[in-house]
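For the protein sequence lines, the chains are A and B, in the order given. Heads up, the first sequence is in our numbering, so the first residue is 29 and it goes up one at a time. Heads up, the second sequence is in our numbering, so the first residue is 29 and it goes up one at a time. Here's the structure, in structure tokens; my notes come after.
2 protein chains.
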Amino acid sequence: MCENCNYTTILKTAGVDATANRVSVLETIGNNNYPLTAMDIYHVVERTLSINRVTVYRILDLLVAKNILERLSSGGRTAYFGMAPNENHLPHPHFYCTSCGRMDCLNSESVRINTEQLQKTFPGKIENIAIRVDGICTNCLKEKAH
Amino acid sequence: MCENCNYTTILKTAGVDATANRVSVLETIGNNNYPLTAMDIYHVVERTLSINRVTVYRILDLLVAKNILERLSSGGRTAYFGMAPNENHLPHPHFYCTSCGRMDCLNSESVRINTEQLQKTFPGKIENIAIRVDGICTNCLKEKAH
DNA sequence: AATAGTAATGCAATTGTGTTGCATTAGAAT
DNA sequence: ATTCTAATGCAACACAATTGCATTACTATT
Ligand SMILES: [Mn+2]
Ligand SMILES: [Mn+2]
Ligand SMILES: [Zn+2]
Ligand SMILES: [Zn+2]
Chain A
29 MCENCNYTTI LKTAGVDATA NRVSVLETIG NNNYPLTAMD IYHVVERTLS
79 INRVTVYRIL DLLVAKNILE RLSSGGRTAY FGMAPNENHL PHPHFYCTSC
129 GRMDCLNSES VRINTEQLQK TFPGKIENIA IRVDGICTNC LKEKAH
Chain B
29 MCENCNYTTI LKTAGVDATA NRVSVLETIG NNNYPLTAMD IYHVVERTLS
79 INRVTVYRIL DLLVAKNILE RLSSGGRTAY FGMAPNENHL PHPHFYCTSC
129 GRMDCLNSES VRINTEQLQK TFPGKIENIA IRVDGICTNC LKEKAH
């Protein structure tokens, strides 16, 4: 999906060993054009590479901590993972279909936010602003129309 | 907290029985100026009114479905509940302290979003836009400063 | 008032997602 | 070879939330 990313290099640059498991987890996410759950990722990776469920969770935690991946909340109880914003990937909001659980990336210009007011007046420390558009995806709309 | 809300009336208008449990759950949320978790609510209600944990979850589900409450996601695995936006309560973003788990309501003007572009071009059905500001609250900042 | 039907609730068990503790394995360094 | 460390596996656990089924409270009908 992303021709600018060499996953092994990304891992090494972040100072972590580029083990086969880690490369495969990162590749799975990077090759997909929408964010995936830990279990999605696990099922993809285990097709080629004997790996434990727990290892997937640990790799995801590590790569989020290293700012390689971003953890997205669905509004449900399951986290989704996508590539973290960087030079090649602008931050962008996501769409979550409450009917089928599919998460999609939206264009970074689709929702403009102005946080000046907030930045000036908020007394705490702001670390991230998560914007999630919830609704029904076109696939689910079609199915409902039956 | 809200002098414009009669909780029994709200329930009846929505077409559900205003049972003691339901009124108490709704009151607990309405009287609080920040969103609460199901267990927060349970602990408040059970001080006055023998109630089961499961009943709290069921009431919350019902009142969210009836658009009386809104379910807010924290990014963690626990949902928070607040009054749903209505004539008296404009929709607004929330602040979530990743250190202590406290959720706060922000002013509806603090984050301006422009969704024109999205509304025009998005092929699915948009039902809600959730904006959550994550960071560290002032209390936790103070504690860290020790 | 008795009866029957429905809605609300309680309780135990279960689920889904994620985490922890500890043992084992794989690699790297000496 | 030996030693050290990082990565992984596996079983048990934690926790919020859900489910199935029994019980209770309430309403309507007779
Ligand atoms: Mn994305
Ligand atoms: Mn609020
Ligand atoms: Zn869908
Ligand atoms: Zn805090």
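For each residue, glycine too, the CB sits at the ideal point set by N, CA and C.
Residue i to residue j span [Cα, whole Å]
i	j	result
Ser-52 (chain B)	Asn-60 (chain B)	12 Å
Leu-97 (chain B)	Asn-80 (chain B)	20 Å
Val-161 (chain A)	Asn-167 (chain A)	16 Å
Asn-142 (chain A)	Cys-125 (chain B)	21 Å
Ala-42 (chain B)	Thr-36 (chain B)	10 Å
Leu-90 (chain A)	Thr-56 (chain A)	16 Å
Glu-115 (chain B)	Asn-116 (chain A)	42 Å
Val-72 (chain A)	Gly-58 (chain A)	13 Å
Lys-148 (chain A)	Ser-127 (chain B)	22 Å
Ala-48 (chain A)	Glu-74 (chain A)	12 Å
His-174 (chain B)	Ser-102 (chain A)	35 Å
Arg-105 (chain B)	Thr-65 (chain B)	11 Å
Asp-45 (chain B)	Leu-118 (chain B)	26 Å
Met-67 (chain A)	Asn-156 (chain B)	26 Å
Cys-33 (chain B)	Leu-54 (chain B)	10 Å
Glu-171 (chain A)	Lys-172 (chain B)	52 Å
Arg-50 (chain B)	Arg-86 (chain B)	10 Å
Cβ-Cβ distance between residue i and residue j below 8 Å
i	j	result
Cys-165 (chain B)	Arg-130 (chain B)	yes
Gly-107 (chain A)	Asn-95 (chain A)	In the sequence on display, residue 107 (chain A) carries Ala and not Gly. Result no, Cβ atoms of Ala-107 (chain A) and Asn-95 (chain A) do not sit closer than 8 Å.
Phe-109 (chain B)	Leu-77 (chain B)	no
Ser-138 (chain A)	Gln-145 (chain B)	yes
Tyr-70 (chain B)	Val-84 (chain B)	yes
Pro-121 (chain B)	Ile-154 (chain B)	no
Pro-63 (chain B)	Leu-39 (chain B)	no
Gly-152 (chain B)	Leu-169 (chain A)	yes
Leu-134 (chain A)	Phe-123 (chain A)	yes
Contacts that residue i makes with chain A (C-beta to C-beta distance below 7 Å)
i	result
Ser-136 (chain B)	None at all; the shortest Cβ gap to chain A is about 11 Å.
Ser-78 (chain B)	By Cβ distance, chain A contributes nothing, its closest Cβ being about 28 Å from Ser-78 (chain B), past 7 Å.
Cutoff 8 Å: residue i Cβ touching any chain B Cβ
i	result
Glu-98 (chain A)	no
Leu-88 (chain A)	no
Asn-142 (chain A)	yes
Leu-64 (chain A)	no
Val-139 (chain A)	yes
Leu-91 (chain A)	no
Closer than 9 Å at the beta carbon, the chain B residues around residue i
i	result
Pro-151 (chain A)	Cys-165, Thr-166, Leu-169
Thr-126 (chain A)	Glu-155, Asn-156
Below-8 Å beta-carbon distance, residue i vs any chain A residue
i	result
Ala-158 (chain B)	yes
Gly-110 (chain B)	no
Leu-146 (chain B)	yes
Arg-105 (chain B)	yes
Ser-52 (chain B)	no
Reduced DSSP category for residue i - H, G, I as helix; E, B as strand; rest coil
i	result
Ile-96 (chain A)	coil
Thr-126 (chain B)	coil
Leu-91 (chain A)	helix
Arg-160 (chain A)	strand
Ala-46 (chain B)	coil
Arg-140 (chain A)	strand
Ile-154 (chain A)	strand
Tyr-70 (chain A)	helix
Thr-76 (chain A)	coil
Ser-52 (chain A)	helix
Cys-33 (chain B)	coil
Thr-65 (chain B)	strand
Cys-168 (chain A)	helix
Gly-110 (chain A)	strand
Proximal chain B residues relative to residue i, where beta-carbon distance stays under 7 Å
i	result
Ile-154 (chain A)	Val-161, Gly-163
8 Å Cβ cut-off: residues of chain A touching residue i
i	result
Gly-129 (chain B)	Chain A residues near Gly-129 (chain B): none, gap ~14 Å exceeds 8 Å.
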